[in-house]
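Below is one structure; the comments refer to it alone.
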Amino acid sequence: MMKFCKKIGAWLGISMCSRIFRDEVGRWLDERAEETNS
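All residue numbers for the sequence shown refer to the UniProt record's numbering, where the first residue is 1 and numbers rise by one.
Laid out in structure tokens, this is it:
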């Protein structure tokens with residue numbers, strides 16, 4: 001059971017990090033798009 005909990009914890013940690021990472025990348029891409037449009 002502990003191994004299972006650790007896997008869930010690791011997966012949750014990764015998914016949280018990847019969501020933050022995607023938000024940052026999305027914001028960066030939006031800024032680049034605005035620069036090329038203007």
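All residues carry an ideal CB built from backbone N, CA and C; glycine is no exception.
Taking the CA atoms as reference points, G26 sits about 30 Å from K6.
In this structure, the CA atom of R19 is about 27 Å from the CA atom of N37. Under the DSSP assignment, S15 falls in the alpha helix (DSSP H) whose first and last residues are 2-37.
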